[in-house]
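Those letters in the sequence shown? Residues 81 to 253, by this note's numbering.
Just so you know, even glycine gets a beta-carbon here, dropped at the ideal spot from N, CA and C.
See structure below.
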Amino acid sequence: MSDLFVVAYNDLATAHQVRDRLVSMTREHLVELEDIVVVERREKDGKIKLHQAVNETAAGAAGGALWGGVIGMLFLVPFLGAAVGAAAGAAGGALTDAGVNDDFMREVSANLRPGAAAVFALVKQAPKGRVVSEIAQFGGQLVQTSLSHEEEEQLKEMARAARGGASGAGAAG
């Protein structure tokens, strides 16, 4: 079972730092992410904008082009095979947007104040407490999680300590 973390930050830059750190941990094989998205509520117009970490359509197109080229080589038409493979891969990538539901992220992020951002991280696998200790270093305000009550309180306490005992991040509400 995956764990969902939604943490709000006062600014987009901090949210991107948290996302980058969790993605880096994935590359280091310390955690396995199912999805990670930074959502901002724009300062100018108050609109919600989703910043997806990985473009699945592009990844699908690249993989499809590779396999299409290989299959095309077998039948002596590599360019046609690559083109068909890229199109099929892009279509498949666009349809496989697994992870946190976009409408859910927009709904939760409607409570952010303009200029603030939140990180939605769906963690498939990680050593107990590893993600909590990493994201707590950046402060922020825990908005929602699928953690147990005890783990959630631990995360809130670590985030308060990272903010220096401040009375809240001010990102939500």
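{"Query": "Lys124 versus Asn90 - alpha carbon distance", "Result": "15 Å"}
{"Query": "CB contact flag (Lys204, Leu110, <9 Å)", "Result": "no"}
{"Query": "Burial state of Arg107 (16 or more Cβ within 10 Å)", "Result": "exposed"}
{"Query": "Residue nearest to Glu187 in terms of C-alpha spacing, selected from Asp83, His96, Ser82, Val119", "Result": "Val119"}
{"Query": "Ala88 versus Glu231: straight-line alpha-carbon distance, rounded", "Result": "18 Å"}
{"Query": "Leu84 (DSSP reduced to helix, strand or coil)", "Result": "strand"}
{"Query": "Given Val199 as reference, the closest of Gln221, Glu233, Ser104, Gln234 once Cα atoms are compared", "Result": "Gln221"}
{"Query": "Where Arg121 falls: helix, strand or coil (DSSP)", "Result": "strand"}
{"Query": "Cβ-Cβ separation, Ala201 to Ile116 (assumed contact under 8 Å), whole Å", "Result": "5 Å"}
{"Query": "Rounded straight-line distance, which links the Cα of Phe218 to that of Ala93", "Result": "11 Å"}
{"Query": "Cβ shell of Arg210 (< 7 Å), same chain only, five flanking positions each side left out", "Result": "Leu110, Val111"}
{"Query": "Reduced DSSP secondary structure (H/G/I, E/B, other) of His109", "Result": "coil"}
{"Query": "Same chain only: Cβ atoms within 8 Å of Val103, ignoring 5 sequence neighbours per side", "Result": "Leu113, Ile116, Ala133"}
{"Query": "Cα-Cα separation, Val212 to Ser228", "Result": "12 Å"}
{"Query": "Same chain only: Cβ atoms within 7 Å of Leu175, ignoring 5 sequence neighbours per side", "Result": "With a pLDDT of only 40 at Leu175, under 50, the local geometry of the prediction cannot be trusted, and the value read off the model is given with reservation. Around Leu175: no qualifying Cβ."}
{"Query": "First through last residue of the alpha helix (DSSP H) which encompasses Ala255", "Result": "Because the chain is modelled from 81 through 253, residue 255 falls outside the range shown and cannot be assessed."}
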